[in-house]
Amino acid sequence: MPELPEVETVKRGLEEFIINENIKKVYLSKLSLRFPWPKDFISKVVGKKIISIKRRAKYIIIGLSDNYSIIAHLGMSGSYKVLKKSEEQDYAILKHDHLIFDLDNFKIVYNDPRRFGYIDLTNQEPETHKFLSSLGPEPLSNYFNADDIAKTLFNRSKPIKNLLLDQNIVSGLGNIYVCEALFRSKINPKKNCSKLVTSKGKPRKDLILLVQKINEVIKEAIEVGGSSLRDFSNINGKMGYFQSSFNVYNRENEKCLLDCCDGVIKRIIQSGRSTFFCSKCQK
Ligand SMILES: [Zn+2]
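Here my numbering = 1-based position in the sequence shown + 1.
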């Protein structure tokens, strides 16, 4: 499932091609994505110019002329590919292609086998849209800091892993990067979040470290994703993933990668999701 770094990679990939392009034609498949297609989507976007592309959490926001914005989420399995004008003549719509934008010089194809992705169109300020308005602070931004997270966690009582997956507490993180950041911070995913905050609502040392490690792992993953951008316009273009650098994710029963630790990576289920961690060095 794409998380913040993968969505950032997709955003940067699209940015190279779509800015200042006009939307000439739109194809929508008969199947809807997670939600029905926005009302009158085609007639509202055809003729508009693409003027910006941004990312907020796991959403891509495409700004159009006349103050319209497309807000898109990749769900579990969504991906975009970009075809150049010369390639697009031969392009036959594939199974799971659900949305295609014909631009001046490119064709943008959205493919989503599981159809958990979704899209909306608004002519209001995107940040006020229901998808975005309650999102928590963005990693790597000034709004994401240990003092503010401590205030959010204060008086709560839940495993830290579950809270980090809550998009209203910190936005953009998913299972992979939460597991990896907790490992790097040596925090047990089952640890009650109240233990990371003092009785006065201040961050303890391990919470300060956790915030640092979240930023670190997200930054590294964006850099890895960015390095695969060269192939982005390829018809089979895949998103860059951070796989080769996973310390715990998908490593059940394998040895902990820390030299000083002889632990083994365990997998447990928390709120229906797999958690991978080293029970020896994550206390
Ligand atoms: Zn370990």
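Even glycine gets a Cβ: it sits at the ideal position worked out from N, Cα and C.
Going by the CB atoms, is the gap between residue j and residue i shorter than 8 angstroms?
i      : j      : result
Ile72  : Leu65  : no
Leu15  : Gly118 : no
Phe102 : Val27  : yes
Phe138 : Phe132 : According to the sequence as given, residue 138 is Pro; it is not Phe. Not closer than 8 angstroms, so no.
Phe184 : Cys279 : yes
Phe18  : Val83  : yes
Gln125 : Ala58  : no
Ile223 : Glu9   : yes
Arg115 : Leu32  : no
Asp67  : Lys96  : no
Asp113 : Gly79  : yes
Ser200 : Glu221 : no
Lys191 : Pro160 : yes
Arg268 : Glu255 : no
Would you please state the rounded distance, in angstroms, between the beta carbons of residue i and residue j? I believe it to be under 8 angstroms.
i      : j      : result
Leu29  : Leu174 : Wrong, their Cβ atoms sit about 31 angstroms apart, outside the cutoff.
Ile51  : Ile24  : 7 angstroms
Asn193 : Ser158 : 6 angstroms
Asp121 : Pro204 : Not confirmed; about 36 angstroms, so no contact.
Phe22  : Leu104 : Inspection of the sequence shows that residue 22 is occupied by Glu rather than by Phe. The Cβ separation is near 4 angstroms, so the contact holds.
By Cβ distance, which residues of its chain are closer than 6 angstroms to residue i, with the 5 residues on each side in sequence left out?
i      : result
Ile215 : Pro140, Ala182
Phe321 : Residue numbering for the chain in the displayed model covers 2 to 284; residue 321 lies beyond these limits and cannot be assessed.
Pro3   : Leu75
Phe233 : Confidence is the limiting factor: at Phe233 the pLDDT is only 37, short of 50, which leaves the residue's position unreliable, though a coordinate-based value still follows. The answer, listed in chain order, is Gly14.
Met77  : Met2, Arg115, Phe117
Val218 : Tyr178, Glu181, Ala182
Arg231 : Low per-residue confidence applies at Arg231: pLDDT is 38, beneath 50, and the placement is therefore not dependable, though the value from the model is reported in the following sentence. Contacts found: none.
Thr153 : Ile170
Near residue i, which residues of its chain fall below 8 angstroms by C-beta distance, leaving aside the five closest residues on each side in sequence?
i      : result
Lys12  : Ile54, Lys55, Arg56, Ile61
Leu166 : Leu174, Gly175, Asn176, Val179, Ser272, Arg274
Thr123 : Tyr69, Ser70, Ile72, His130
Leu1   : The structure shown does not extend to residue 1, since the chain spans only 2 to 284, so no value can be given for it.
Asp148 : Lys203, Pro204
Tell me where the beta strand (DSSP E) around residue i begins and ends.
i      : result
Asn248 : Here Asn248 belongs to no beta strand (DSSP E), and DSSP marks it neither H nor E.
Asp103 : 98-103
Tyr178 : From DSSP, Tyr178 is part of no beta strand (DSSP E) but of the alpha helix (DSSP H) over 176-185.
Phe107 : 107-112
Could you pull the DSSP bridge partners for residue i from this structure?
i      : result
Phe277 : Arg268
Asn286 : Nothing can be reported for residue 286: it is not among the residues displayed for the chain, which extend from 2 to 284.
Ile120 : Ala73
Asn193 : Pro160
Pro204 : Val198
Ile63  : Ile54, Ile71
Tyr28  : Ile101
Lys256 : Val265
Give the range of the alpha helix (DSSP H) segment to which residue i is assigned.
i      : result
Lys337 : Because the chain spans 2 through 284 in this model, residue 337 falls outside it and cannot be assessed.
Lys85  : First-last for Lys85: 80-85, but that is the beta strand (DSSP E), not the alpha helix (DSSP H).
Ile150 : 147-154
Suppose the cutoff is 7 angstroms on Cβ atoms and the five residues either side in sequence are ignored; what does the same chain contact list for residue i look like?
i      : result
Gln90  : none
Val249 : Cys180, Glu181, Phe184, Ile266, Phe277, Phe278, Cys279
Ser186 : Asp207, Leu210, Leu211, Lys214
Asn189 : Phe278, Gln283, Lys284
Pro127 : Ile62, Ser70, Ile72, Leu133
Asn237 : With a pLDDT of 42 at Asn237, under the threshold of 50, the predicted position of this residue should be treated as unreliable, though the coordinate-derived value follows. So no residue of the chain qualifies.
Tyr293 : With the chain covering only 2 through 284, there is no way to say anything about residue 293.
Using a Cβ cut-off of 8 angstroms (strictly closer), state whether residue i contacts chain B.
i      : result
Asp148 : The chain labelled as chain B is not found in the depicted structure, where only one protein chain is given.
With a threshold of 7 angstroms, establish whether the CB of residue i neighbours any heavy atom of ligand 3.
i      : result
Lys281 : No copy of ligand 3 occurs in the structure displayed; its ligands are ligand 1 alone.
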